[in-house]
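Participant: Have a look at this one before I ask anything.
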Amino acid sequence: MTAPTAGSTSALYESFPYPSPDPAGPLISDTALGLAAVFGGSELTGWRVLDLGCGTGHRLVATALQHPEADFVGLDASARSIEVATELVARHGVSNVELVHGSVPDAELTTDFDLVVSTGVLHHLPEPKAALRWAIDQLADDGLIYVWMYGALGEHDRLLDRELVRELAGPDTDAGGLAIVRELGLSLPSAQYGDTSRGDAASTAAVASVDADAYLNPIVNAVRFDDIIELFAGQCVDWLSVVSINNDGSSRLVDLTGRHPLGDLAVSGSAVLPDGLLRERYETLGPVARLRVIELMTKPTGVTVVAGRGDSIRDCAERIVDNVLVGSDGAKSTPQLAVPHDQTHPGPNPAAGVKGA
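The sequence shown begins at 1 in the UniProt record's numbering and counts up one residue at a time.
The structure is reproduced here in structure tokens:
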């Protein structure tokens, strides 16, 4: 069988625009909420934001409405998805969104961006590290990149179901492939990635698009957090931090230090380990090892990280500073990014001017 390409994935989205082919459908707020957690609810005044793989725009428009003070560019390789997004933008009267039909690495963008958002894209590309490098190349000197990817531990059973579908459907990624999904009785749980990951009252057509993405996509690279650290190794950023995890029915902010208690909204060592020996051992670990413990205990279906250049850490909430995994100050025992984007540029100063979480 011929190895799938990025074009194979684009063909799927021509048949099943994602996340919904319905421009009258509900917007999806999970990205907007995630960015609020990163920036502590601060405005992004004057920022240029690239949504890499915006699809039909239901997340992009929700985020643009939340941040009218910023300008957004939505890039997607699916012409049909861009058509839906164009209708969606018009329907909501959004004036701060520009849509571009194009793919990585061929798209030509005319500006640097303060923020690149990539939710659910890198894991569908044949060379995710090269695609991430291209995305980071679009950043301004103090820019940030926000990335969401499938979590390998929590997605294990779903990916086995996808493998079964692929065996029976072959390369069929249109209605014939979806018929196999239906005959097997498969449908992605509506809260697989948390209760804000799908719009309210999703239509039959939207459910079809979600299920096609879940079971027919020719390329899926679910990740562990260690895989994400490897993706960012050698990239032109100065630091990498963990934001959140998803499970079926919940989305929780990660708190590696335990300094930012938010009840059920956050997950920390105290949330996953009982008092006593296990908690004591956890407290002796560095941030990467703590994150591994949380990951192994919770088995997330989705994981979110943020990385940045230069002084961008100062735009982030204090919890994000405390969650830095790679490229932090020497006081933390963490691996270091192999190639800073500018050898003459000072690294982040986590103590300087951070916003409260």
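Don't be surprised by glycine CBs; every beta carbon is placed ideally from N, CA and C.
Being a predicted model, the structure only gives us computed values, none of them experimental.
Give the straight-line distance between the Cα atoms of F39 and R319, rounded to the nearest whole angstrom.
Facilitator: So the alpha carbons of these two residues sit roughly 10 Å apart.
Participant: Helix, strand or coil, according to DSSP, for W47 in the structure here?
Facilitator: coil
Participant: Considering Cα atoms alone, identify which of L178, L168, L240 is closest to Y323.
Facilitator: Residue identity differs from the one stated: residue 323 is Asn in this sequence, not Tyr. The shortest Cα separation from N323 among L178, L168, L240 belongs to L240.
Participant: Using 8 Å for Cβ pairs, my map puts R292 next to F232. What's the rounded Cβ distance?
Facilitator: So it is not a contact: roughly 16 Å between Cβ atoms.
Participant: The alpha helix (DSSP H) that contains L168, what's its start and end?
Facilitator: 156-169
Participant: Between the stretch 133-142 and the stretch 173-186, do at least 3 Cβ pairs fall closer than 8 Å?
Facilitator: no
Participant: Can you look up F113 in the DSSP assignment and give me helix, strand or coil?
Facilitator: strand
Participant: Taking the alpha carbon of V97 as the point to measure from, which residue in E108, C54, D112 has its own alpha carbon closest?
Facilitator: C54
Participant: By the 10 Å Cβ neighbour count, where 16 or more other Cβ atoms means buried, how is P274 classified, buried or exposed?
Facilitator: exposed
Participant: Do you know whose CA, among D195, R158, S203, lies nearest G185's CA?
Facilitator: R158
Participant: Can you check which of these residues, T63, L115, G57, is closest to L88 by C-alpha distance?
Facilitator: G57
Participant: Do H67 and E83 have their C-beta atoms within less than 8 Å of each other?
Facilitator: no
Participant: Kindly identify the DSSP beta-bridge partner or partners of A307.
Facilitator: I145, L240
Participant: Could you work out which residue in Y282, L253, N247, V117 is closest to S190 when comparing CA atoms only?
Facilitator: N247
Participant: In whole angstroms, what separates the C-alpha of T111 from that of G102?
Facilitator: 15 Å
Participant: DSSP three-state label for E14, please.
Facilitator: E14 falls in the helix class under three-state DSSP.
Participant: Any contact between the stretch 289-308 and the stretch 216-225? By contact I mean 3 or more CB pairs, one from each, below 8 Å.
Facilitator: yes
Participant: Helix, strand or coil, according to DSSP, for T119 in the structure here?
Facilitator: Here T119 carries a strand assignment [DSSP, helix/strand/coil].
Participant: Give the DSSP-derived three-state secondary structure of Q192 in the structure shown.
Facilitator: It is a strand residue.
Participant: Could you check the C-alpha separation between A37 and Y215 for me, to the nearest Å?
Facilitator: 30 Å
Participant: By the three-class DSSP mapping on this structure, what secondary structure does E127 have?
Facilitator: coil
Participant: L52 and S8 - do their beta-carbons sit closer together than 8 Å?
Facilitator: Going by C-beta atoms, S8 is not nearer than 8 Å to L52.
Participant: Between the Cα of P218 and the Cα atoms of G249, W148, P126, T31, which residue gives the shortest distance?
Facilitator: Closest in C-alpha terms to P218, from the list G249, W148, P126, T31, comes P126.
Participant: Can you look up G53 in the DSSP assignment and give me helix, strand or coil?
Facilitator: coil
Participant: What span of residues does the alpha helix (DSSP H) with R279 cover, start to end?
Facilitator: 277-283
Participant: Mapping DSSP to helix, strand and coil, what is C252?
Facilitator: Here the sequence assigns Arg to residue 252, which means Cys is not the residue at that position. Strand.
Participant: Spatial neighbours of T63 within its chain, please: C-beta separation below 6 Å, excluding the five flanking residues on both sides.
Facilitator: T31, A32
Participant: Check the DSSP bridge columns for residue 359 and list the partner residues they point to.
Facilitator: The question about residue 359 has no answer here: the residues shown for the chain are numbered 1 through 357.
Participant: Can you check whether the CB of Y18 is closer than 8 Å to the CB of S203?
Facilitator: no
Participant: Which same chain residues end up closer than 7 Å to L27 when comparing Cβ atoms and leaving out the 5 residues on each side of it in sequence?
Facilitator: H58, V61, A62, G199
Participant: Starting from L65, trace the alpha helix (DSSP H) both ways and give me its first and last residue.
Facilitator: Boundaries of the alpha helix (DSSP H) around L65: 58-66.
Participant: Closest by CA to V220, which one among A90, H124, A85, D255?
Facilitator: The residue among A90, H124, A85, D255 with its C-alpha nearest the C-alpha of V220 is H124.
Participant: With DSSP run on the structure shown, which of helix, strand or coil describes L231?
Facilitator: helix
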